[in-house]
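Novice: Can you read through this structure? Questions will come right after.
Residue numbers (my numbering), protein chains in the order written: chain A, 1 to 475; chain B, 1001 to 1234.
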């Protein structure tokens, strides 16, 4: 029999015992819905985690430092301590070269330097960190007090909350809050009272004092020419910044340097200051040129998957490079296992539904014994009968799969709605915990059809083997 | 034997045994016969005499325990199950006492069923269905379901279904068994008309001797699985 005839007869047969077949199909739909809902939850959570992690700037960043830089993370890369003849300096030329690498979105120096700030007559030693404008979407700035920098060149500052509390705790502070409540810099969590105090800092001005690195004038008779002039002078400078925000922690991308940045300023502003950094002393001692070099650069990749390629390219250029790519790899393993478990639990309902198909089709054989006998008498081969029962199972699987995907999507929407109502109560931004990608729609329907066909194997072969004489005799 | 060719059906020492628990039932035992193409043969006998079993063996719905059955020279024993199905679909038409129409289909759909199984083109099907339904005089009931038809109409529909693939042999198992005598006569007239106009070989199982004698050209009498008498109508 031709496929179209088989399909037509199958649909006609299914319409005959409408209620029973509809209930069986509904069983498949519920099974598929549970599978889709589970996997959409897995996909949604994975997407959410990826989104959050990429916002944290941890997983699409490569930290580049010169080979002789033994500070922090470069240490791991520099285990081979054999004397390096002349490590390549991390200068503007290198920066431009790295910028030209494929999938590189942005390259910026990690600037942090010790400083002293003056605020309302008191001075505080602290660490300044330059923050690129692309960090605007960093999760560290979610729910911050105040706002992010208005532009890359704005003379604005964001305080880390600990520093903010120090400023508030000072005896001559303008804050009106009772002194007993102040916890003198201890991180006691952001109580509403403290939040209001921190808000009072917004718009106030602080003075930043720092040491500017100025190259020494060319010494006559220098053997190595303009570039070879080693040494620089440090000149005290100061500038005024307006406090525009308070943030709980420095963005995680600040893993590139020593110490925690407590006063955050736009990266371009920090670069223009040309303040002396902790590495400058070593540069001086190692006899490096007075030309401007970077302590380290952060290379922002287009996506987490591009990080590995960029990392190896940078290493080939003669620099140390470091990324958290291994952490994301582990995370993927965790999600793969998570998806697998969700898939298994989701499939259990489909297994139960497939038992329903077997039951329905076996019942259909009993009811349609005589019909099977007639079909055989009229010239139906065993394969025709088998095909007919298979097609009935397949049609139920297809319809159940389509309905199941719709149900699963609706369950996902309900999960999103419920989660977001809960998050809204906690004053947290809304998220999408359930996501139904096209591949899930496609494979869920295919899976439903395959499971249904598998469930149809036994009834179909039993129907095909039916003795036509006994079937015709059957009343 | 009519015509110059081979007999339509030839049975050589056909035996069909059934196991019923410990006992062996000899449903058909050592039956040999030849039926010529175009003959109208009646198989007579009491219930359990083996006539329906013999009919099923000729149809290829069952296989003999021993012996051989030839349809137009081809040994059914040499055919695999798919070839037997093809033999039933193309070479044989069957009508039953209980009509055996599929209740969810209309007359036309029931008649179309063998054409679907034989993979006949859709364009050709409609014409052949109409032709078969016209032949049995059921054009007005083509779109009715079996439950909306009288017994006689149902048997006509079953006959149209048996004829639609233009088989060489028509096997009828008690075709008038569920009909009143007047309707039974109509069906028998129709069978005779088909036999004469289409030169179709007809083997009819019946236990109504008067019908057999009136319509068939040859009577085969079975008793206890054996062919007891074989003779032309007197």
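In this text, a Cβ means the ideal position worked out from N, Cα and C, and glycines have one as well.
The structure displayed is predicted, hence computed values, not measured ones.
Candidates B:1084, B:1132, B:1230: which alpha carbon is nearest residue 1074 of chain B's?
Specialist: The shortest C-alpha separation from residue 1074 of chain B is found at B:1084.
Novice: Check this for me: beta carbons of residue 36 of chain A and residue 409 of chain A, under 8 Å apart or not?
Specialist: Cβ distance < 8 Å, so residue 36 of chain A and residue 409 of chain A count as in contact.
Novice: Could you tell me which chain A residues have their CB closer than 8 Å to the CB of residue 1081 of chain B, listed as they occur along the chain?
Specialist: Going along chain A in sequence order, the residues near residue 1081 of chain B (Cβ under 8 Å) are 381, 382.
Novice: How about residue 1042 of chain B and residue 1007 of chain B: do their beta carbons lie closer than 8 Å?
Specialist: Cβ distance not < 8 Å, so residue 1042 of chain B and residue 1007 of chain B don't count as in contact.
Novice: Chain B beta carbons: is any one of them nearer than 8 Å to that of residue 374 of chain A?
Specialist: Yes - at least one Cβ of chain B is within 8 Å of the one on residue 374 of chain A.
Novice: At which residue ranges does the stretch 1161–1220 of chain B contain complete alpha helix (DSSP H) runs of 4 or more residues, listed in the order of the chain?
Specialist: Correct list: 1181–1198, 1209–1215.
Novice: So is residue 1146 of chain B in contact with chain A if we call contact Cβ pairs under 8 Å?
Specialist: Not an interface residue.
Novice: Should residue 150 of chain A be labelled buried (16 or more other beta-carbon atoms within 10 Å of its own) or exposed?
Specialist: Result: exposed.
Novice: Answer with yes or no whether the minimum CB distance from residue 531 of chain A to chain B is below 8 Å.
Specialist: Outside the shown range of chain A (1 to 475) lies residue 531 of chain A, about which nothing can therefore be said.
Novice: List, in order along the chain, the chain B residues whose C-beta lies closer than 7 Å to that of residue 16 of chain A?
Specialist: By Cβ distance, chain B contributes 1104.
Novice: Would the stretch 1182–1202 of chain B and the stretch 1108–1122 of chain B be scored as touching if the rule is three or more Cβ pairs under 8 Å?
Specialist: Cβ pair count under 8 Å is below three, so no.
Novice: With DSSP as the reference, label residue 462 of chain A as helix, strand or coil.
Specialist: Correct three-state label for residue 462 of chain A: helix.
Novice: Measure the Cβ-Cβ separation of residue 354 of chain A and residue 454 of chain A and say whether it is below 8 Å.
Specialist: The answer is yes: Cβ separation under 8 Å.
Novice: Taking one C-beta from the stretch 1058–1077 of chain B and one from the stretch 1145–1155 of chain B each time, how about it: are there three or more such pairs within less than 8 Å?
Specialist: No: fewer than three Cβ pairs fall under 8 Å.
Novice: How big is the Cα-Cα spacing for residue 74 of chain A and residue 62 of chain A?
Specialist: Legend: pLDDT at residue 74 of chain A = 45, less than 50; position of this residue unreliable, no value from coordinates given.
Novice: CB residue 349 of chain A to CB residue 34 of chain A, shorter than 8 Å?
Specialist: The answer is yes: Cβ separation under 8 Å.
Novice: Tell me residue 1223 of chain B's beta-bridge partners as DSSP assigns them.
Specialist: Bridge partners of residue 1223 of chain B: B:1226.
Novice: Given a threshold of 16 other Cβ atoms within 10 Å of its Cβ, counted over all protein chains shown, does residue 333 of chain A qualify as buried or as exposed?
Specialist: Exposed, by the Cβ-count rule.
Novice: Under 8 Å by Cβ, that's how I've got residue 1156 of chain B and residue 1136 of chain B pegged, so tell me the actual separation to the nearest angstrom.
Specialist: Right, their Cβ atoms sit about 4 Å apart.
Novice: Could you check what DSSP says for residue 1065 of chain B in three-state terms: helix, strand or coil?
Specialist: Coil at residue 1065 of chain B, not helix or strand.
Novice: I want to verify the contact list: residues of chain A whose CB lies under 7 Å from the CB of residue 1062 of chain B, in sequence order.
Specialist: Those are 469, listed as they occur along chain A.
Novice: Residue 265 of chain A and residue 159 of chain A - do their beta-carbons sit closer together than 8 Å?
Specialist: Cβ atoms of residue 159 of chain A and residue 265 of chain A: not closer than 8 Å.
Novice: Could you tell me whether any Cβ in chain B is nearer than 8 Å to the Cβ of residue 371 of chain A?
Specialist: Answer yes: the Cβ-Cβ gap between residue 371 of chain A and chain B drops below 8 Å somewhere.
Novice: Looking at chain A, is there any beta carbon in it that lies within less than 8 Å of the beta carbon of residue 1119 of chain B?
Specialist: It does; some Cβ of chain A falls within 8 Å.
Novice: In chain B, which residues lie with their C-beta within 7 Å of the C-beta of residue 2 of chain A?
Specialist: 1119, listed in chain order.
Novice: Among A:115, A:60, A:269, which residue has its Cα nearest to the Cα of residue 126 of chain A?
Specialist: Among A:115, A:60, A:269, the Cα nearest to that of residue 126 of chain A is on A:115.
Novice: Considering residue 1019 of chain B, what are the terminal residues of the beta strand (DSSP E) in which it resides?
Specialist: Here the beta strand (DSSP E) through residue 1019 of chain B covers 1009–1020.
Novice: Is the stretch 40–51 of chain A touching the stretch 425–437 of chain A in the sense that three or more CB pairs, one from each, lie closer than 8 Å?
Specialist: Because the criterion of three Cβ pairs below 8 Å is met, the stretch 425–437 of chain A and the stretch 40–51 of chain A touch.
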